[in-house]
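Student: Residue numbers (the numbering used here): -2 to 467.
Even glycine gets a Cβ: it sits at the ideal position worked out from N, Cα and C.
Fair warning: this is a prediction, and the values are worked out from it, not measured in the lab.
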Ligand code: SF4
């Protein structure tokens, strides 16, 4: 670790993580080339989580794992071959450029959100975190033009909304700059009214810019009652726009919404794995024609996916040569579709916020070859990514197990490293249902699954890894 540039790089990704990195490298007697490789790994880890909820413990945990595992010569050789980088200086230069770019932010690009005429930044602050602990993060997000904030009444037991309320109490002049979104899980008009009023009170505001029904998986969940409720709240000035979020059966939800005529906005799982299918393209087209604003989430395409595959390393190396990471490339792949108004990304610390803003500001386009490589990677890892088409697999087990929800729990645990969130969500599944998860026959579901996932094994894994005694 003699190189000043590498030390600068580590300082750029400063704090505890960097400290741990240096200590671990020294204690393991790592060679300079391994330091270089591990530095790449470390930086890549940070960027690989650009759009994921992540805790310091998760990063540290992953870092420890990286330090202690045997590095395959093949992998290291491939990395060096693909990047064409032969010294620490080269990689440091790439990240120096990124750091400089991030310090020279000009204007955050904006896009018009559906028929509303409202311009929103292409990067939105995902608030599934305790924002009470992060007033500086919110302030910096606002300064850098990340003025679309997404939360939900359920996030962090309400502390996400409370933190935003504290922020608006301290900086009331910022309220009008923020496009504020929150969500309700309620199934009834009375429940939605209760949740909306709670959200307004917690966030110390008189209105919500966009109010979502949370996690819709079938458009029939939104009925005439919902429409009447939304129109009434709009006329009262409590909400400006209305819509829903969806992680399951996104294409049918989008197509259904396009026919309703009263949906203003949708936030859906959308990424380089899903965006090129004919059904998704048709669904997005239909929404755009219907004037519905679209926000993408889960843009990293992490399912309960394999990581550290050779193709992934090749991809990462290729993008680093161009001055950005594979994770930033995945954001760019989504931004290249002008129909997507914004990407909602979890940004729990300044490093991730800064890197995501840098990606939004960076004007380099992905080449056709880049996009083809991402497609190839998606195809190679298809059986490790749950595409959320739960109407297919859950009907094969007569709806006895919410397979999509369990897959999402595995994603939070295995891809995001957030075991407590994964366990909390898993244990929210009714006990009777959980009791059947490990023993059910999933062979028909596996036969129908377009991603060819090993559903039975994954359900048993989830049961073993995420069950907890209350
Ligand atoms: S397990 Fe397969 S069928 Fe079920 S939601 Fe995931 S990808 Fe779709």
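Starting from residue 116, trace the alpha helix (DSSP H) both ways and give me its first and last residue.
Tutor: Not the alpha helix (DSSP H): residue 116 falls in the beta strand (DSSP E), residues 116 to 118.
Student: Considering only C-alpha positions, which residue in the set 174, 186, 359 and 288 is nearest to residue 322?
Tutor: If we check each option's Cα against that of residue 322, 359 comes out closest.
Student: Given that a residue counts as buried once 16 or more other Cβ atoms are within 10 Å of its Cβ, and exposed if not, what is residue 45?
Tutor: Confidence in residue 45 is poor, its pLDDT being 37 and thus under 50, which makes the residue's placement unreliable; the coordinate value appears in the next sentence. Its Cβ being crowded by 16 or more others within 10 Å, residue 45 is buried.
Student: Decide if residue 170 is buried, meaning its Cβ has at least 16 other Cβ atoms within 10 Å, or exposed.
Tutor: Exposed: under 16 other Cβ atoms inside 10 Å.
Student: Return yes when the C-beta of residue 387 is under 7 Å from any heavy atom of the ligand SF4, and no when it is not.
Tutor: Correct: residue 387 has its Cβ closer than 7 Å to the ligand SF4.
Student: The beta strand (DSSP E) spanning residue 146 covers which residue range?
Tutor: Taken as a continuous stretch (DSSP letters only), the beta strand (DSSP E) holding residue 146 covers 145 to 147.
Student: Three or more C-beta pairs closer than 8 Å, one from the segment 309 to 318 and one from the segment 278 to 286: is that the case here?
Tutor: No, because fewer than three Cβ pairs between the segment 309 to 318 and the segment 278 to 286 fall closer than 8 Å, the two stretches do not touch.
Student: Which of the three DSSP states is assigned to residue 168 in this structure?
Tutor: Correct three-state label for residue 168: coil.
Student: What is the residue span of the beta strand (DSSP E) that residue 206 lies within?
Tutor: 205 to 210 is the span of the beta strand (DSSP E), which, as asked, contains residue 206.
Student: Under the assumption that residue 239 contacts residue 254 (Cβ atoms under 8 Å), give the Cβ distance between them as a whole number of angstroms.
Tutor: Rounded, the Cβ-Cβ distance is 11 Å, inconsistent with contact.
Student: Pull up the DSSP beta-bridge partners for residue 218, would you.
Tutor: Answer is none; residue 218 lacks a bridge partner.
Student: How far does the beta strand (DSSP E) with residue 238 in it reach, from first residue to last?
Tutor: It spans 236 to 243 - the beta strand (DSSP E) in which residue 238 sits, taken as one unbroken run.
Student: Answer yes or no: do residue 419 and residue 410 have a C-beta to C-beta separation smaller than 8 Å?
Tutor: Yes. Within cutoff.
Student: Grouping DSSP H, G and I as helix and E and B as strand, with all else coil, what is residue 360?
Tutor: If DSSP states are grouped into helix, strand and coil, residue 360 belongs with coil.
Student: Less than 6 Å between C-beta atoms, sequence neighbours within five positions excluded: which residues of the same chain meet that for residue 251?
Tutor: Closer than 6 Å at Cβ, skipping near neighbours: 280 and 284.
Student: Does the distance between the C-beta of residue 456 and the nearest non-hydrogen atom of the ligand SF4 fall short of 7 Å?
Tutor: It does not: the Cβ of residue 456 is nowhere closer than 7 Å to a heavy atom of the ligand SF4.
Student: Would you mind stating whether residue 180 and residue 150 have Cβ atoms separated by less than 8 Å?
Tutor: Their beta carbons are under 8 Å apart, which means residue 180 touches residue 150 by this criterion.
Student: Could you give the first and the last residue of the continuous alpha helix (DSSP H) run that contains residue 392?
Tutor: Its alpha helix (DSSP H) spans residues 387 to 393.
Student: Among the residues of its own chain, which have a CB less than 7 Å from the CB of residue 196, if the five just before and after it don't count?
Tutor: Answer for residue 196: 150, 158, 179 and 205, listed in chain order.
Student: Would you check if there are 3 or more beta carbon pairs closer than 8 Å linking the segment 440 to 458 to the segment 389 to 400?
Tutor: The answer is yes - the segment 389 to 400 touches the segment 440 to 458, with three or more Cβ pairs under 8 Å.
Student: Going by the C-beta, is residue 118 closer than 7 Å to any heavy atom of the ligand SF4?
Tutor: For the ligand SF4, not one heavy atom lies less than 7 Å from the Cβ of residue 118.
Student: Return the Cβ separation of residue 268 and residue 385 in integer angstroms, given the expectation that the two are a contact with Cβ distance under 8 Å.
Tutor: Not confirmed; about 11 Å, so no contact.
Student: Is residue 447 close to the ligand SF4? I mean its beta-carbon at under 7 Å from any heavy atom of the ligand.
Tutor: Indeed, a heavy atom of the ligand SF4 lies less than 7 Å from the Cβ.
Student: Which residue from 325, 357, 373 and 175 puts its Cα closest to that of residue 115?
Tutor: It is 175.
Student: Give the DSSP-derived three-state secondary structure of residue 455 in the structure shown.
Tutor: In the structure shown, residue 455 sits in a helix (DSSP, three-state: H, G or I).
Student: Is residue 400 near the ligand COA, with its Cβ less than 7 Å from a heavy atom?
Tutor: Judged by which ligands are present, the ligand COA is missing from the structure shown, whose ligands are the ligand SF4.
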